[in-house]
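In the numbering used here, the protein residues as written are 21 to 209.
To start, the structure itself, in structure tokens.
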Ligand SMILES: [Zn+2]
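Laid out in structure tokens, this is it:
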């Protein structure tokens with residue numbers, strides 16, 4: 021697995037289900053930049069307003085963005101920030117993969133993103149599938165299955181009855197499950 025210089029241009033994607041430690045991985049990467057004196061900025065899609073378990077809890081100056089083009093505007097206005105860290109990429113708009121590509125190639129940034137590859141039904145979530153194919157480096161994270169304890173959980177099991185794809189929440193609403201224990205219709209019974 022490549023481990024390029026902390027600020028080399030690139031697209032690093034950290035995929036994983038709920039409770040897999042995606043945000044923690046981003047925090048670690050940000051801290052490594054901090055130790056090395058490399059400037060970074062953290063971002064969250066505006067839809068994610070959680071104060072807990074979020075990148076914003078660790079980095080209060082995390083910027084909310086409604087449109088992925090705002091990331092390009094940031095890059096243009098902040099030439100001295102080589103690392104851009106974007107959590108909850110599944111909530112980004114459909115242009116997010118192209119924007120990451122432009123940031124890496126045209127603006128020479130290292131973009132580090134994390135997100136849920138799959139929604140609560142186990143279906144591809146938002147721009148994540150494209151981001152996974154465009155990454156220059158992948159750092160998949162795995163959770164412990166809440167039901168059987170296996171360490172390779174990749175699914176986010178919804179625990180409450182709610183039919184929409186987007187239900188922002190944490191422990192009261194979701195569990196990590198392995199492929200065997202995942203049952204998207206469980207909450208209907
Ligand atoms: Zn399991």
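We treat Cβ as the ideally placed atom computed from N, Cα and C, and that holds for glycine.
None of the values given here were measured: they were computed from a predicted structure.
State yes or no: is the beta carbon of residue i nearer than 8 Å to at least one beta carbon in chain E?
| i | result |
| --- | --- |
| residue 158 | Considering every chain present, this structure includes no chain E. It has just one protein chain. |
Using only CA atoms, which one of the options lies nearest to residue i?
| i | options | result |
| --- | --- | --- |
| residue 141 | 180, 171, 66, 25 | 180 |
| residue 129 | 58, 81, 177 | 58 |
| residue 30 | 132, 149, 172 | 132 |
| residue 173 | 160, 121, 79 | 160 |
| residue 177 | 168, 202, 157 | 202 |
| residue 127 | 170, 34, 97 | 97 |
| residue 26 | 171, 53, 155, 36 | 53 |
| residue 38 | 123, 145, 49 | 145 |
| residue 32 | 81, 41, 104, 66 | 104 |
Helix, strand or coil, according to DSSP, for residue i in the structure here?
| i | result |
| --- | --- |
| residue 199 | coil |
| residue 54 | helix |
| residue 47 | helix |
| residue 209 | coil |
| residue 21 | Any reading at residue 21 must be qualified, since the residue scores a pLDDT of 48, below 50, and its modelled position is unreliable; no value is offered. |
| residue 111 | helix |
| residue 39 | coil |
| residue 192 | coil |
| residue 67 | coil |
| residue 141 | coil |
| residue 120 | helix |
| residue 179 | coil |
Output yes or no for whether 8 Å exceeds the beta carbon distance between residue i and residue j.
| i | j | result |
| --- | --- | --- |
| residue 91 | residue 119 | yes |
| residue 175 | residue 138 | yes |
| residue 102 | residue 154 | no |
| residue 134 | residue 43 | yes |
| residue 74 | residue 113 | no |
| residue 167 | residue 125 | no |
| residue 84 | residue 64 | yes |
| residue 107 | residue 46 | yes |
| residue 207 | residue 40 | no |
Could you check if residue i belongs to the surroundings of ligand 2, using beta carbon to heavy atom distance under 7 Å?
| i | result |
| --- | --- |
| residue 147 | Ligand 2 is not part of the structure shown, which contains ligand 1 as its ligands. |
Subject >> Sequence-ordered residues whose beta carbon comes within less than 6 Å of a heavy atom of ligand 1 >> reply: So the residues near ligand 1 by this Cβ test are 165, 167, 168, 170, 197, 198, 200, 201.
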